[in-house]
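Visitor:
Residue numbers (the working numbering): -10 to 397.
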């Protein structure tokens, strides 16, 4: 049953909103979750039709699994790091073992240089990263565009260090989105209820949209900083300047994901779970990265992040698919690939990106965003508002639980 007069209205049925609603329910407090889209899960979404097996369009791994709040719900899963071997394409051939070892050594040097700058000023990561080496561009592209969904020139050194996560990196067989959707079962969620206005100038709050109006004592807002920065919800009164400064200091990066079915999986030369990526070159300055045949299935999935992802998002699905096929053709030649499955997080008005990074000087904006307003009438939650697990479902979940305790 969905209460008509809840204590708390939760805006967004992604991971943070689901966590908040579960915590409120467990505390004996009534709530309604208003979700603008037609499904739950937000940026965690698994579907099984396009590739004939579970495919996560968004969140894919449970990072730092021993501390991740979703690990107990994962079901069958593998430690991907224990199974994955990395293959590096050098333009005409794969790197040798000696070259891979040299690349790994250069990555260690990158880590050491960044760590050595921990107590210095909060500049961009690019300002302290090693440059000019054989593998410098590859490492910068991978850790910036492909991991953090933005180039290192735009990322706060402090945030990069404080949100860096380790293993185990669990790859759930059912998909991360399926886990999150299951955890939403039984919650009072209204789909297709996009909040356009939120009043918090009275004794409580009023959420308004095409669905009508919902009044409550407080609101937990879990929409992305992309939506907040674009004015996707109109607040009355306006949000305080320090909150909007925090929102703009935590922009959305973009990591676009693609999946391809393999019509002839027996011909595919890379073993299951292994990864393949190109070294940046003049011909492919911002290449994709690929994960091959997860769980032995007949597909692979890949990512393109940062500047290239935004450019392809603006050009549309056809340009994105063509770029992905060029990347695969560069590596695998005439090996056939089936129809593409594409994600469009950058173009979707409910998200406007994949996950946040902090601009230099803005790691503290995550804590600012997590502070309640109006004596707890208004609380923000989501991966952007978590200072340790930012950019992940773990951060969103923990932030949602924290918001449930702060809401009036």
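Beta carbons: idealized from backbone N, C-alpha and C, even for Gly.
Do residue 127 and residue -2 have their beta-carbon atoms positioned less than 8 angstroms apart in this structure?
Guide: It is not a contact, given that the beta carbons lie outside the stated cut-off.
Visitor: So, helix, strand or coil for residue 6, using DSSP?
Guide: If DSSP states are grouped into helix, strand and coil, residue 6 belongs with the helices.
Visitor: Is the Cβ-Cβ distance between residue 4 and residue 311 less than 8 angstroms?
Guide: Contact: no.
Visitor: Give the range of the beta strand (DSSP E) segment to which residue 265 is assigned.
Guide: Looking at the DSSP string, the run of the beta strand (DSSP E) that includes residue 265 is 264 to 267.
Visitor: Assuming contact is defined by CB atoms lying nearer than 8 angstroms, are residue 394 and residue 374 in contact in what I supplied?
Guide: Not in contact: residue 394 and residue 374 (Cβ atoms no closer than 8 angstroms).
Visitor: In the DSSP output, which residue or residues are listed as bridge partners for residue 145?
Guide: Residue 145 pairs with 113.
Visitor: Apart from the five residues just before and just after residue 224, which ones in its own chain have a Cβ nearer than 6 angstroms to its Cβ?
Guide: Excluding residues within five positions, the ones whose Cβ falls inside 6 angstroms are 187.
Visitor: Name the DSSP beta bridge partners of residue 240, please?
Guide: Its beta-bridge partners do not exist; DSSP assigns none.
Visitor: Whole angstroms is fine: what's the gap from residue 296's alpha carbon to residue 19's?
Guide: Cα-Cα distance, rounded: 43 angstroms.
Visitor: Looking at the unbroken alpha helix (DSSP H) that takes in residue 294, where does it start and where does it end?
Guide: Note, residue 294: premise wrong, no alpha helix (DSSP H); beta strand (DSSP E) at 288 to 294.
Visitor: Tell me whether the beta-carbon of residue 74 lies closer than 8 angstroms to the beta-carbon of residue 263.
Guide: Closer than 8 angstroms, so yes.
Visitor: DSSP state of residue 334, grouped into three classes?
Guide: In the structure shown, residue 334 sits in coil (DSSP, three-state: anything other than H, G, I, E or B).
Visitor: Drop a sphere of 10 angstroms on the beta-carbon of residue 256, count the other beta-carbons inside from all chains shown, and report buried for 16 or more, exposed for fewer.
Guide: Burial call: exposed.
Visitor: For residue 71, count neighbouring C-beta atoms within 10 Å of its own C-beta (all shown protein chains included) and say buried if the count is 16 or more, exposed if not.
Guide: Exposed, by the Cβ-count rule.
Visitor: Quick one: give me the first and last residue of the alpha helix (DSSP H) that residue 100 is part of.
Guide: 86 to 105 is the extent of the alpha helix (DSSP H) around residue 100.
Visitor: Within 10 angstroms of the Cβ of residue 86, are there 16 or more other Cβ atoms? Answer buried if so, exposed if not.
Guide: Label assigned to residue 86: exposed.
Visitor: Between residue -6 and residue 176, what straight-line distance do the alpha-carbon atoms span, to the nearest angstrom?
Guide: Taking the straight line from one Cα to the other gives about 15 angstroms.
Visitor: I need the DSSP call for residue 185, collapsed to helix, strand or coil.
Guide: Three-state result, residue 185: strand.
Visitor: On the criterion of 16 or more Cβ atoms from any shown chain inside 10 Å, does residue 207 qualify as buried, or is it exposed?
Guide: Residue 207 comes out buried.
Visitor: Compute the beta-carbon to beta-carbon distance between residue 352 and residue 111, rounded to the nearest angstrom, for a pair I have assumed lies under 8 angstroms.
Guide: Going by Cβ atoms, the distance from residue 352 to residue 111 rounds to 7 angstroms, so yes, they are a contact pair.
Visitor: Provide the residue span of the beta strand (DSSP E) that contains residue 320, from first to last.
Guide: Residue 320 -> not in any beta strand (DSSP E); alpha helix (DSSP H) instead, spanning 306 to 321.
Visitor: Just tell me which of 270, 273 and 260 has its CA closest to the CA of residue 281.
Guide: Here the closest residue by C-alpha is 260.
Visitor: Could you tell me which uninterrupted alpha helix (DSSP H) segments, each at least 4 residues in length, are contained entirely in the stretch -10 to 56, listed from first to last along the chain?
Guide: As far as the stretch -10 to 56 is concerned, its whole alpha helix (DSSP H) runs of at least 4 residues are 4 to 15.
Visitor: Short check: CB of residue 236 to CB of residue 217, under 8 angstroms?
Guide: Yes; because the gap between Cβ atoms is below 8 angstroms, this pair is in contact.
Visitor: CA-CA distance, residue 247 and residue 232?
Guide: Computed Cα separation, rounded: 34 angstroms.
Visitor: Taking a contact to mean a Cβ-Cβ separation below 8 angstroms, would you say residue 26 touches residue 180 in this structure?
Guide: Yes, Cβ-Cβ distance for residue 26 and residue 180 is below 8 angstroms.
Visitor: Which stretch, first to last residue, makes up the alpha helix (DSSP H) that contains residue 70?
Guide: Unbroken alpha helix (DSSP H) run through residue 70: 69 to 72.
Visitor: Residue 380 and residue 345 look like a contact to me (Cβ under 8 angstroms); what is the Cβ gap, rounded to whole Å?
Guide: About 6 angstroms separates the two Cβ atoms, so the contact holds.
Visitor: Starting from residue 245, follow its DSSP beta bridges and name the residues at the other end.
Guide: The partner list for residue 245 (beta bridge, DSSP) reads 293.
Visitor: Please decide whether residue 123 counts as near chain B, where near means a Cβ-Cβ distance under 8 angstroms.
Guide: The structure shown has no chain B; it contains just one protein chain.
Visitor: Tell me the rounded alpha-carbon separation between residue 95 and residue 143.
Guide: So the two alpha carbons sit approximately 22 angstroms from each other.
Visitor: What are the boundary residues of the beta strand (DSSP E) that includes residue 382?
Guide: No beta strand (DSSP E) contains residue 382, which is instead part of the alpha helix (DSSP H) from 382 to 395.
Visitor: List in chain order: all unbroken alpha helix (DSSP H) runs of 4+ residues lying wholly within the stretch 113 to 137.
Guide: Listed in chain order, the complete alpha helix (DSSP H) runs (minimum 4 residues) inside the stretch 113 to 137 are 125 to 130.
Visitor: In three-state DSSP terms, what is residue 222?
Guide: Coil.
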